[in-house]
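Undergrad:
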Amino acid sequence: MAEKVKVLLSEEEVDAKIREIGEQISRDYEGKQVHLVCVLRGGSFFMCELAKRITVPVSIDFMSVSSYGSETKSSGVVKIVKDLDDPLIGKDVIVIEDIVDSGRTLSYLMEMLKERKPASLRLCTLLDKPDRRVIDVNIDYLGFQIPDEFVVGYGLDYAQKYRNLPYIGIVDFD
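Throughout the sequence shown, residue numbering follows the numbering used here, covering 50 to 223 in sequence.
1. Quick check: what's the CA-CA separation for Cys173 versus Lys131?
2. Are Gly192 and Lys55 close, meaning C-beta to C-beta below 7 Å?
3. What residue range does the alpha helix (DSSP H) around Phe222 cover?
4. For a quick check, are the C-beta atoms of Leu205 and Asp147 less than 7 Å apart?
5. Below 8 Å on the Cβ atoms is my contact criterion, and I expect Ile138 with Pro106 to pass it. Report the Cβ-Cβ distance as a whole number of Å.
6. How many angstroms separate the CA atom of Glu60 from the CA atom of Asp177?
7. How long is the line joining the alpha carbons of Thr121 and Gly218, rounded to whole angstroms?
8. Where does Val37 land, buried or exposed, given buried means 16+ other C-beta within 10 angstroms?
9. Tell me which residues share the same chain as Ile129 and place their Cβ nearer than 6 Å to its Cβ, disregarding the 5 neighbours each side in the sequence.
10. To the nearest angstrom, how far is it from the Cα of Asp221 to the Cα of Gln209?
11. Can you tell me whether Ile145 is buried or exposed, with buried defined as 16 or more other CB within 10 angstroms of its CB?
12. From the DSSP output, in three-state form, read off Ile74 for me.
13. Within this structure, are the beta carbons of Ile109 and Ile74 separated by less than 7 Å?
14. Roughly how far, in whole angstroms, is the beta-carbon of His84 from the beta-carbon of Lys140, given that I think they are within contact range, below 8 Å?
15. Where does Ser119 sit, in a helix, a strand or coil, going by DSSP?
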């Protein structure tokens, strides 16, 4: 089976939206420092581009959680693979994610991070698939709502392939 990828969101569209989100975060956190928590691996591409567009001081940390394995649908079982290196207490935290799908992983993660007593906790995602939502998740900064298709690119992968595409594409498995 040789899958094909067709463009859903062009590199230019993604870049413009990231710039817009960066400007909004910069306004919302004027006079403060923001601590970005990147959900690895997919979120790293988005977070790096976003951080470059935020004008207030930024610190970063990384967390790895998994609910997919090498499948195309969330298993619903959330596993923390790598926890944060730094405490969140008293920080203005924005969790950076590549995509919100069922909501299971992000709901679990946001509740866990709230217990670490940040001054504030918000969620920023490049993509949202509301048709797949099982658990409601409040998204504070949203790039794009997309249809229920399996997407790759800009950090999103299929079995570790296609992360490096500079656009968001739909995988065609036919």
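Each residue gets a CB set at the ideal place from its N, CA and C atoms; glycine is no exception.
TA: Once the coordinates are examined:
1. 20 Å
2. With contacts defined by Cβ atoms closer than 7 Å, Gly192 and Lys55 do not form a contacting pair.
3. Looking at the DSSP string, Phe222 is not in any alpha helix (DSSP H), and its letter there is neither H nor E.
4. Yes; because the gap between Cβ atoms is below 7 Å, this pair is in contact.
5. Not a contact, Cβ separation roughly 18 Å.
6. Taken atom to atom, the span from the alpha-carbon of Glu60 to that of Asp177 is near 17 Å.
7. Per-residue confidence for Thr121 stands at a pLDDT of 48, beneath the threshold of 50, marking its modelled position as unreliable; the derived number appears in the next sentence. Cα to Cα, Thr121 sits roughly 14 Å from Gly218.
8. This structure leaves residue 37 out entirely; the chain is present only between 50 and 223.
9. Val114
10. Their backbone Cα atoms lie some 16 Å apart in a straight line.
11. buried
12. helix
13. No, the Cβ-Cβ distance between Ile109 and Ile74 is not below 7 Å.
14. 4 Å
15. Reliability of the predicted coordinates at Ser119 is poor, the pLDDT of 49 falling under 50, and no value is obtained from them.
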